[in-house]
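Convert by adding 23 to the 1-based position in the sequence shown; the result is the number in the working numbering. Ideal Cβ placement from N, Cα and C applies to all residues, glycine included.
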Amino acid sequence: MGGTTITKYGKTEEEVLAQLKKQVLLGREVGLFPDSAAVLIKGDDLVEGEVEKTKAKLFKVSDEGEFTETDKGRIFHVGMSARFSKRPEPGEILGTLHLHT
24 MGGTTITKYG
34 KTEEEVLAQL
44 KKQVLLGREV
54 GLFPDSAAVL
64 IKGDDLVEGE
74 VEKTKAKLFK
84 VSDEGEFTET
94 DKGRIFHVGM
104 SARFSKRPEP
114 GEILGTLHLH
124 T
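Structure follows, in structure tokens:
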């Protein structure tokens, strides 16, 4: 078993989701599939490295890389457990997603 966490940055949600979709499709080629929600966080919403769950957006992810916005409370902790090395700048959006075997 193994996996990887994908983190992408952009100015719009659409840009970040498109980047994440490319990674989902590349992961499929080597046997990796999404096993949690994708999380989008605006850099403006981060306070001391944390964000309120009502300000993050969650998306269910299909194996084909299609994103559907989902309920904010159910699986928030899954996406937030992913670490990112660079915090998003103000006006920038961070998207993170875990792929697993």
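Rounded to the nearest angstrom, how far is the Cβ of residue i from that of residue j, given a contact under 8 Å?
i, j, result
"Tyr32", "Glu115", "6 Å"
"Ala159", "Leu117", "Residue 159 lies beyond the range of the chain shown here (24 to 124); nothing can be said about it."
Would you tell me roughly how many angstroms separate the C-alpha atoms of residue i and residue j, rounded to the nearest one?
i, j, result
"Val84", "Lys44", "9 Å"
"Phe56", "Thr28", "11 Å"
"Gly26", "Glu36", "24 Å"
"Leu81", "His123", "18 Å"
"Pro113", "Val47", "26 Å"
"Gly88", "Thr30", "15 Å"
"Asp52", "Asp58", "Before going on, a small fix: residue 52 reads as Glu here, not Asp. Taking the straight line joining both Cα atoms gives about 16 Å."
"Arg110", "Asp68", "11 Å"
Could you pull the DSSP bridge partners for residue i from this structure?
i, result
"Thr28", "His121"
Considering only residues of the region 34-66, which uninterrupted alpha helix (DSSP H) runs meet the minimum length of 4 residues and lie entirely inside it, listed in chain order? If we require 4 residues or more, the alpha helix (DSSP H) runs fully inside the region 34-66 come out as 36-52.
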